[in-house]
Amino acid sequence: MSRQQTIAQSASLSGAGVHSGKPATLTIRPAPEGAGVRFVRADVTDRNAVIPALVTMVTTTELGTNMSNDAGVSVATVEHFLAACSGLGVDNIIAELDGPELPILDGSSRPFVELLTQAGVKEQSAPRRVLKILKLVEVRHGDKFARLSPGEGFEMRVVIDFQTKAIGRQEIRFAMTPGAFARDVAWARTFGFAHQAEQLHAMGKGLGASMDNTIVVEGDAVLNPGGLQSGDEFVRHKLLDVIGDLFLAGGQIEGLYEGEQPGHALNNRLLRAVFDDAASFAWT
Ligand SMILES: [Zn+2]
């Protein structure tokens, strides 16, 4: 039986948000058993500033996973931090933020993995809550789909397919075992297309994006001077996003996730579909 985990002590990092461009400091603190992951907006003092990291708190999934509580207090771009918590098996943690959006840092989960490691992952007494998938649940949008089905442990298969030769069709299979996330997934950076930058800016998004935090693709080329860390860095990042989004279940999953061209919206719909059908899951 695995036990719940938190962190041993507080730790902080700072940086700008990829969409807002606004700087923020993230301070992670230990949390008691059963608390789960809770975002707290330290700059909001006149209202309830706590936003539990749960699928029901997700308000928008355009270009990132964003959440709000009943008091209208929000936190944006949570997925890379949540992926690190899931990957390192941190169940209970307070993530205090003094701005509206998590720092994008290098566009991957690596800085968050380093922060959690620096704070020290610490075992607690209570057994871990696991969301066991009991039957197939699938959501679709055109050619895209995401599904969960019963399986041993937590395994994933993700496929992406882009016309550009810089990406093409990429597939990855991954099993969440100790150490695997940091080794195979955490370092994969987010990516975007040069021709979309202007459109994003016009929407007031992507204001903090640069080649320091995004792999930029133009035509069939990667524009970043340092190139890629691996040819399949794109699908590894997509997997990273899936891991972050699925942690909004409120615990680790026991089952097989499969996604073709998945995104934050599909992943959110998938979790909601699971919770809408009481026969499809059990907390163990
Ligand atoms: Zn991402």
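Numbering-wise (our numbering), the sequence shown opens with residue 28 and increments by one.
Cβ coordinates follow ideal geometry from the N, Cα and C atoms, glycine included.
Whose C-beta lies closer than 6 Å to the C-beta of residue i among residues of the same chain, with five residues either side of it excluded?
| i | result |
| --- | --- |
| residue 285 | 174, 184 |
| residue 270 | 110, 113 |
| residue 153 | 31, 60 |
| residue 42 | 130, 132 |
| residue 311 | 157, 159 |
| residue 115 | 143, 148 |
| residue 186 | 198, 287 |
With a Cβ-Cβ cutoff of 8 Å, do residue i and residue j count as a contact?
| i | j | result |
| --- | --- | --- |
| residue 160 | residue 281 | yes |
| residue 123 | residue 67 | yes |
| residue 191 | residue 218 | no |
| residue 229 | residue 245 | no |
| residue 125 | residue 70 | yes |
| residue 121 | residue 95 | no |
| residue 287 | residue 172 | yes |
| residue 196 | residue 134 | no |
| residue 63 | residue 277 | yes |
| residue 357 | residue 275 | With the chain covering only 28 through 311, there is no way to say anything about residue 357. |
| residue 291 | residue 88 | yes |
| residue 155 | residue 29 | yes |
| residue 150 | residue 283 | no |
Mind checking residue i: buried by the 16 CB within 10 Å criterion, or exposed?
| i | result |
| --- | --- |
| residue 106 | buried |
| residue 128 | buried |
| residue 273 | buried |
| residue 293 | buried |
| residue 307 | buried |
| residue 248 | exposed |
| residue 205 | exposed |
| residue 51 | buried |
| residue 256 | exposed |
| residue 260 | buried |
| residue 207 | exposed |
Grab me the residues of residue i's own chain with a C-beta within less than 7 Å of its C-beta, minus the 5 sequence neighbours each way, in chain order.
| i | result |
| --- | --- |
| residue 117 | 32, 33, 34, 143, 148 |
| residue 316 | Residue 316 falls outside the range modelled here, since the chain spans only 28 to 311, and no answer is possible. |
| residue 251 | 238, 242, 243 |
| residue 296 | 166 |
| residue 48 | 234, 235 |
| residue 163 | 174, 176 |
| residue 138 | 40, 132 |
| residue 304 | 164 |
| residue 84 | 78, 94, 95, 96 |
| residue 100 | 68, 71, 74, 75, 76, 78 |
| residue 299 | 82 |
| residue 193 | 244, 247, 248, 249 |
| residue 108 | 122, 129, 139 |
Note down, in chain order, each residue of its chain lying with its Cβ closer than 8 Å to the Cβ of residue i, except the 5 sequence neighbours on either side.
| i | result |
| --- | --- |
| residue 104 | 44, 45, 46, 91, 92, 93, 128, 129, 131 |
| residue 65 | 58, 77, 78, 79, 80, 120, 121, 122 |
| residue 55 | 34, 37, 38, 39, 120, 121, 122, 123, 142, 143, 146 |
| residue 180 | 202, 203, 204, 281 |
Check: Does the count of Cβ pairs from the stretch 207-222 and the stretch 259-273 closer than 8 Å reach three?
Finding: yes
Note to self: For the structure I just gave you, are there three or more beta carbon pairs, one from the stretch 71-82 and one from the stretch 51-59, closer than 8 Å?
What the structure shows: no
Checklist line | Ordered list of beta strand (DSSP E) runs contained in the stretch 187-248, each at least 3 residues | finding: 196-202, 218-220, 242-245
Margin query: Restricting to runs no shorter than 3 residues, where is the beta strand (DSSP E) found entirely within the stretch 101-151?
Written below: 120-124
Notebook entry, point to check: For ligand 3, which residues count as neighbours when the test is a C-beta closer than 7 Å to any heavy atom?
Noted result: Ligands displayed in this structure: ligand 1; ligand 3 is not among them.
Notebook entry, point to check: Unbroken alpha helix (DSSP H) runs of length 4 or more, entirely within the stretch 256-307: which are they?
Noted result: 260-273, 291-303
Check: What alpha helix (DSSP H) runs, 4 residues minimum, are completely inside the stretch 65-106?
Finding: none
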